[in-house]
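A.B. asks: Each position in the sequence shown, counted from 1, maps to that position plus 9 in the working numbering. I have a structure here, written as structure tokens, and I will follow up with some questions on it.
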Amino acid sequence: MHQKFVVNGGRRLTGKITLSGAKNVALKALAAALLTDEQILLENIPLITDLKLMVKIISSLGVEVSFYKKNQLKVHAQDLKKAKVDLDMGAHLRTSSMLLVPILRRLQQAIVPNPGGCRIGARPIDRHIEGLRLMGIDVSYNSADGYFYAQNKKLVGCRYRFSKNTHTGTETMILAAVLANGQTILENAAYEPEVDDLIRLLNTMGANIHRVEPRTIVINGVKKLHGTSYRIMPDRNEAVTFAIAAYVTGGDLIISGTQRFLLKSFLEELDGANACWEPVDEYTTRFYHQGKLKATYVKTGPHPGFMTDWQAPWCLLMTQAEGESIIHETVFEDRFGYVSELCKTGANISLFNPKVKNPEKLYNFNWSDNKKGLFHALKIKGSTPLHNAVMNITDLRAGATLVIASLGVKGESILHGIEHIDRGYESLDTRLNALGADIKRMTEKSS
Ligand code: EPU
């Protein structure tokens, strides 16, 4: 049964909130746990539907996996026996492709579907596959059934330079290299803090991985990994979502779990926009509305740049800033699906393509995936008073943005497609309601 949110907006959000564990680490930690036949205990696991799906997928392979406390997961891959990931389940999840390496290591073959995830671009995995082949894995894609087929070959360390940044591509190569023969050097590797959290988990399992330069990772293959317990880092994307909820509702929120050194580019843009924040303690930050916001120019990019995941909430914030703001999205080629929905609230946003000298170099997506008619930048005119609306959610970060947009306006808004939000935010409605929001979760009437 599909559900919707009915939001009675216009209420100021105040109080304290704690960030959940990072989705983009937790899902990968489950893949990493399959590299050993010993037990892995994972703490600070977000209770989101993507995680539940990943649990279902690895259970279907024969892995014992269960919650032993709220937000704490026990994974024991002693009896991993199936090499094939179910197409329907795997195709819904970006991280399912990261199961290829652990399954291959354990069973000498792996059959894994072309991964899904939010539809924000073509999202191919050519950079992952190129690297895996260099390590000696025989992998081919069968477009007739949508599966990647990988065969056993002895994994050998290699030197691989990513042509462009890839977050899960870097993580996939790390998983392959930890138990490979010899040393692997990954150049132009992703620098996202979530990659480092996965590295920390693997090192506590006995791996030998070092980031020797910001974009160079050296992995010395080891014979075996062992069991451990590990606490997943807090979710940076939640921090940004809640901070912007504070501003657009004229509120005042204290967010705990904010590792400010990992939010640097966001905090710098907040300063540029005149948005108020202040440290409370090492891991707690206050975000509060005060005075007028200023327009900004923001270009998304791989870490330490301004994350693409923050682009939609930033656009919402800029509808409330004085003047004309620009956002140039350079990571995904099609991440503006929410704009037409946000415009239903009266936002003044137009799409355009900035002049770019060398698009092949600037954009993180493969330029060959750039389809005619796609735009890569937004012009936002503010400040604009927004009003309530009925909106459709098409992806995760966009969905959370439309929820907080609804919280910032008076009257009743209705949001369809909230399953996209549940994929990546633990109980978003309940947690926002505890801060003063009025969001009702209701079952959609079937037509
Ligand atoms: N790309 C390719 N070929 C590849 C790999 C990537 O063309 O082989 C392109 C992608 O299509 C994209 C760009 O390169 O245009 C960057 O892709 P990347 O591989 O870095 O992203 P991802 O691993 O697919 C992860 C997160 C995203 C987050 C990005 C950027 C997970 C499961 N997903 O995606 O998170 O936006 O990195 O940091 O870790 C989200 O949480 O809502 C989300 C979309």
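Positions of the beta carbon are idealized from the N, C-alpha and C atoms, including for glycine. Since the structure is predicted, the reported quantities are computational estimates derived from the model, not experimental observations.
1) A153: which of M182, N123, D343, V249 sits nearest, CA to CA?
2) Assuming the contact rule is C-beta atoms closer than 8 Å, G445 and R128 should be a hit. Round their C-beta distance to whole Å, please.
3) Examine chain D for any beta-carbon lying closer than 9 Å to the beta-carbon of T250, and answer yes or no.
4) Going by DSSP in three states, D206 sits in which element: helix, strand or coil?
5) Cβ of T45 within 9 Å of Cβ of A92?
6) What residue range is occupied by the uninterrupted alpha helix (DSSP H) comprising L371?
7) Give me the Cα-Cα distance between G467 and V365, rounded to the nearest whole angstrom.
8) Taking the alpha carbon of R115 as the point to measure from, which residue in I427, N80, M182, A42 has its own alpha carbon closest?
9) Do A159 and M182 count as a contact pair if the criterion is CB distance below 9 Å?
10) By the three-class DSSP mapping on this structure, what secondary structure does M63 have?
11) Could you please give me the residues that DSSP links to A386 through a beta bridge?
12) Quick check: the stretch 327–337 against the stretch 382–395, are there 3 or more CB pairs under 8 Å?
13) Check whether the stretch 399–419 and the stretch 379–386 are in contact - that is, three or more C-beta pairs closer than 8 Å.
14) Just checking my contact of G18 with S349 at CB under 8 Å: how many whole Å lie between their CB atoms?
15) Relative to the C-alpha of Y434, which candidate in V121, Y347, M98, F251 has its C-alpha closest?
16) Name the DSSP beta bridge partners of N151, please?
17) Around the C-beta of Y239, are 16 or more other C-beta atoms found within 10 angstroms, so that it is buried, or is it exposed?
18) Only counting the same chain, and skipping five residues up and downstream in sequence, which positions put a Cβ closer than 8 Å to that of V231?
19) With DSSP run on the structure shown, which of helix, strand or coil describes E453?
20) Quick check: the Cα distance between K173 and F341, rounded to an integer number of angstroms?
21) Mind reading off the beta-carbon distance from D88 to S69? Whole number of angstroms is fine, and I expect it under 8 Å.
22) Restricting to Cα atoms, I'd like to know which of N362, N375, M242, I66 is closest to I336.
23) Checking 9 Å against the spacing of the C-beta atoms, do L39 and L60 come in under that value?
24) Which value, in whole angstroms, describes the spacing of the CA atoms of S455 and G191?
25) Applying the criterion that 16 or more other CB atoms from any shown protein chain within 10 Å of the CB defines a buried residue, is V74 buried or exposed?
26) Who are the near neighbours of Y77 in its chain, counting only those whose CB is closer than 8 Å to its CB and skipping five residues on each side?
27) Could you check where the beta strand (DSSP E) with P111 kicks off and where it finishes?
28) May I ask you to check if the CB of I208 is nearer than 8 Å to at least one heavy atom of the ligand EPU?
29) Pop quiz: K32 and D343 are said to be a contact at Cβ under 8 Å. What is the actual Cβ separation, rounded to whole angstroms?
30) If you measure between the beta carbons of H396 and K419, is that distance less than 9 Å?
31) Is it the case that the Cβ atoms of Y256 and H312 are separated by a distance below 9 Å?
32) Report yes if the C-beta of F270 is less than 8 Å from at least one heavy atom of the ligand EPU; otherwise report no.
33) Among D447, L234, T267, whose alpha-carbon lies nearest the alpha-carbon of Q48?
34) Check each candidate in T237, I208, M242 and name the one with the smallest Cα separation from N229.
35) Regarding R103 and the ligand EPU, is the C-beta to nearest heavy atom distance less than 8 Å?
36) In the structure shown, what three-state DSSP assignment does D404 receive?
C.D. replies: The short version:
1) Along the sequence shown, one-based indexing puts residue 153 at 144. With distances taken between Cα atoms, A153 lies closest to N123.
2) As a first step, residue 445 must be located in the sequence shown, where it is residue number 436. As a first step, residue 128 must be located in the sequence shown, where it is residue number 119. G445 to R128, Cβ: 33 Å. No contact.
3) The structure shown has no chain D; it contains just one protein chain.
4) By 1-based counting over the sequence shown, the position of residue 206 is 197. D206 falls in the helix class under three-state DSSP.
5) The residue you call residue 45 lines up with position 36 of the sequence shown. The residue you call residue 92 lines up with position 83 of the sequence shown. No, they are not a contact pair.
6) Taking the first residue of the sequence shown as position 1, residue 371 is located at position 362. Start and end: 368–371.
7) The structure shown does not extend to residue 467, since the chain is modelled only from 10 to 456, so the question has no answer here.
8) Mapped onto the sequence shown, residue 115 falls at position 106. When only C-alpha atoms are compared, the closest one is A42.
9) In the sequence shown, residue 182 corresponds to position 173, counting from 1. In the sequence shown, residue 159 corresponds to position 150, counting from 1. At the C-beta level, M182 and A159 stay beyond 9 Å of one another.
10) Residue numbering aside, residue 63 sits at position 54 when the sequence shown is read from its first letter. M63 falls in the helix class under three-state DSSP.
11) Against the sequence shown, residue 386 aligns to sequence position 377. BP columns for A386 point to H337, F361.
12) For the pair of segments examined, the stretch 327–337 was found to touch the stretch 382–395: the number of CB pairs separated by less than 8 Å reaches three.
13) Touching, no.
14) Against the sequence shown, residue 18 aligns to sequence position 9. Against the sequence shown, residue 349 aligns to sequence position 340. Going by Cβ atoms, the distance from G18 to S349 rounds to 20 Å, so no, they are not a contact pair.
15) One-based indexing of the sequence shown puts residue 434 at position 425. Per the Cα distances, F251.
16) As a working mapping, residue 151 is identified with position 142 in the sequence shown. Looking at the DSSP output, N151 shares a beta bridge with Y156.
17) Here residue 239 refers to the residue found at position 230 when the sequence shown is read from its first residue. Counting other Cβ atoms within 10 Å of its Cβ, Y239 reaches 16 or more and is therefore classed as buried.
18) Position 222 of the sequence shown, counted from the first residue, corresponds to residue 231. Result list for V231: V187, L188, G215, A216, N217, in chain order.
19) Locating residue 453 in the sequence shown gives position 444, counting from the first residue. Assignment of E453 by DSSP, reduced to helix, strand and coil, places it in the coil class.
20) Within the sequence shown, the letter at position 164 stands for residue 173. Within the sequence shown, the letter at position 332 stands for residue 341. Between K173 and F341, the alpha-carbon positions lie close to 12 Å from each other.
21) Reading the sequence shown from its first residue, position 79 is the one you call residue 88. Reading the sequence shown from its first residue, position 60 is the one you call residue 69. A Cβ-Cβ distance of about 12 Å is found for the pair D88 and S69, leaving them out of contact under the 8 Å criterion.
22) Taking the first residue of the sequence shown as 1, we reach residue 336 at position 327. Answer by Cα proximity: N362.
23) Within the sequence shown, the letter at position 30 stands for residue 39. Within the sequence shown, the letter at position 51 stands for residue 60. The Cβ atoms of L39 and L60 sit closer than 9 Å to each other.
24) On the sequence shown, residue 455 is found 446 positions in, with the first residue counted as 1. On the sequence shown, residue 191 is found 182 positions in, with the first residue counted as 1. Note on geometry: alpha-carbon atoms of S455 and G191 lie some 57 Å from one another.
25) The count along the sequence shown starts at 1 and reaches residue 74 at position 65. Per the 10 Å Cβ criterion, buried.
26) As a working mapping, residue 77 is identified with position 68 in the sequence shown. Beyond the five residues adjoining it in sequence on each side, Y77 comes within less than 8 Å, by CB distance, of L50, K83 in the same chain, given in chain order.
27) In the sequence shown, the residue the question calls residue 111 occupies position 102. Element bounds for P111: not the beta strand (DSSP E) but the alpha helix (DSSP H), 109–116.
28) Locating residue 208 in the sequence shown gives position 199, where the first residue counts as 1. False, no ligand heavy atom lies under 8 Å from that Cβ.
29) Here residue 32 is taken as the residue at index 23 of the sequence shown, counted from 1. Here residue 343 is taken as the residue at index 334 of the sequence shown, counted from 1. The pair is not a contact, with the Cβ atoms about 21 Å apart (cut-off 8 Å).
30) The sequence position of residue 396 within the sequence shown is 387, counting from 1. The sequence position of residue 419 within the sequence shown is 410, counting from 1. Contact annotation: H396 and K419 have beta-carbon atoms nearer than 9 Å.
31) Taking the first residue of the sequence shown as position 1, residue 256 is located at position 247. Taking the first residue of the sequence shown as position 1, residue 312 is located at position 303. It is not a contact, given that the beta carbons lie outside the stated cut-off.
32) Here the question's residue 270 lines up with position 261 in the sequence shown. With a cut-off of 8 Å, the C-beta of F270 is classified as distant from the ligand EPU, since no heavy atom of the ligand falls inside that distance.
33) For this step, residue 48 is matched to residue 39 along the sequence shown. Measuring from the Cα of Q48, the nearest candidate turns out to be L234.
34) The residue given as residue 229 occupies position 220 in the sequence shown. Closest option to N229, Cα to Cα, is I208.
35) As a first step, residue 103 is located in the sequence shown; it is residue number 94 there, counting from the start. Yes, since a heavy atom of the ligand EPU falls inside the 8 Å radius drawn around the Cβ of R103.
36) The residue labelled residue 404 in the question sits at position 395 within the sequence shown. D404 falls in the coil class under three-state DSSP.
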